[in-house]
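*Asks:* Quick one: the structure is below, questions incoming.
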Amino acid sequence: VGEVMFQADYHLKELSFGEYEQPVVGMKSCLDYSQKDEGDSKWSAREWFVVRKAEIHVSDDKVLIPYLKMGVEAREQVLGKQGLEDSAITRPDHPLVRYAEIFTHNFDLIAERKS
Numbered sequence: 002v003g004e005v006m007f008q009a010d011y012h013l014k015e016l017s018f019g020e021y022e023q024p025v026v027g028m029k030s031c032l033d034y035s036q037k038d039e040g041d042s043k044w045s046a047r048e049w050f051v052v053r054k055a056e057i058h059v060s061d062d063k064v065l066i067p068y069l070k071m072g073v074e075a076r077e078q079v080l081g082k083q084g085l086e087d088s089a090i091t092r093p094d095h096p097l098v099r100y101a102e103i104f105t106h107n108f109d110l111i112a113e114r115k116s
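Residue numbers for the sequence shown, in my numbering: 2 to 116.
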């Protein structure tokens, strides 16, 4: 499972920076958002998968069915005493935050297409 998550995380980063065609028509990479907002010429951020909801459902015939809602979160990084650190507040219009929100919105569709 660790290898699968590592590969998925790596591919998420490749997608977000436009290395591959976006998985949903009309989706833009975070670099597309960054180039659109010329004030964001220099920035640093990180993104990762999160479990938004995890449940175990029981079917009528007593079969356990896992249920997950996944998402992507992003945090702007700033230069601190120890190097790059997560910003206390990441602005909602940050290019990577915008990408994470759109990826989360389309997560089930993307997962279905990639599986």
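Beta carbons are placed, not taken as given, at the ideal position from N, Cα and C, and that holds for glycine. The structure presented is a predicted model; accordingly, all values stated were derived computationally and were not measured.
Less than 9 angstroms separating the beta-carbons of Pro96 and Ser35?
*Replies:* A contact, by the Cβ cut-off of 9 angstroms.
*Asks:* Can you tell me where the alpha helix (DSSP H) with Met6 in it begins and where it stops?
*Replies:* Where Met6 is concerned, the enclosing alpha helix (DSSP H) stretches over 3-17.
*Asks:* Give every residue of the same chain whose Cβ lies closer than 8 angstroms to the Cβ of Ala9, excluding the five residues on either side of it in the sequence, and list them in chain order.
*Replies:* So the list reads Phe50, once near-sequence residues are dropped.
*Asks:* Under DSSP, the alpha helix (DSSP H) around Tyr68 begins and ends at which residues?
*Replies:* Where Tyr68 is concerned, there is no enclosing alpha helix (DSSP H), although the beta strand (DSSP E) it sits in stretches over 65-81.
*Asks:* Give a yes or no on whether the C-beta atoms belonging to Leu16 and Pro24 are separated by under 9 angstroms.
*Replies:* Their beta carbons are under 9 angstroms apart, which means Leu16 touches Pro24 by this criterion.
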